[in-house]
Amino acid sequence: MITSADDLNKDGKIEIMLTTASGTNGEIESLWIFTWDGKTGRKINGTDEDGNSTIISDTEIEFKDLNGDGIKEIICDWYKNESSDTPQAIIYKWNGRSYEQQVVLR
Numbered sequence: 225m226i227t228s229a230d231d232l233n234k235d236g237k238i239e240i241m242l243t244t245a246s247g248t249n250g251e252i253e254s255l256w257i258f259t260w261d262g263k264t265g266r267k268i269n270g271t272d273e274d275g276n277s278t279i280i281s282d283t284e285i286e287f288k289d290l291n292g293d294g295i296k297e298i299i300c301d302w303y304k305n306e307s308s309d310t311p312q313a314i315i316y317k318w319n320g321r322s323y324e325q326q327v328v329l330r
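Residue numbers for the sequence shown follow my numbering, so the first one is 225 and each next one is one higher.
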């Protein structure tokens, strides 16, 4: 499902964000980001060895400029296990080519 479109990384192109649900009850969201210049597009999120997006969350995914540079970071929450009430905040940052995991806050 397309969730939003915005120029996340301030490159003058629109990024289109899509999410897919997985897990036994659809509780895990995977985020896919495609940059679009009006004619062509390309995927700008990381993928694992099976081709799955590496940007995952089990709560709402947020887009915020955390360091004031005009480029939005992606903030996801991930519960280590079902017995944990406190999620880890995982922050994905733009590295000039793609969004990759940079920080895990506990």
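The beta carbon of each residue, even a glycine, is placed where N, CA and C say it ideally should be.
Three-state secondary structure (DSSP) at residue i?
i: T243; result: strand
i: D301; result: strand
i: E324; result: strand
i: E273; result: coil
If you draw a straight line from the C-alpha of residue i to the C-alpha of residue j, how long is it?
i: G265; j: P311; result: 33 Å
i: I295; j: I238; result: 13 Å
i: D293; j: N233; result: 10 Å
i: F258; j: A313; result: 23 Å
i: S322; j: D231; result: 13 Å
i: G247; j: K263; result: 34 Å
i: I285; j: E273; result: 23 Å
Taking 8 Å as the threshold (C-beta atoms), are residue j and residue i in contact?
i: S281; j: E253; result: yes
i: T278; j: N269; result: yes
i: K288; j: I299; result: yes
i: L242; j: W256; result: yes
Between residue i and chain D, is any beta-carbon pair separated by less than 8 Å?
i: G292; result: Among the chains of the structure shown, chain D does not appear; only one protein chain is present.
Could you pull the start and end residues of the beta strand (DSSP E) that residue i belongs to?
i: G253; result: The question names Gly, but residue 253 in the sequence shown is Glu. Per DSSP, E253 belongs to the beta strand (DSSP E) from 252-260.
i: G265; result: 265-267
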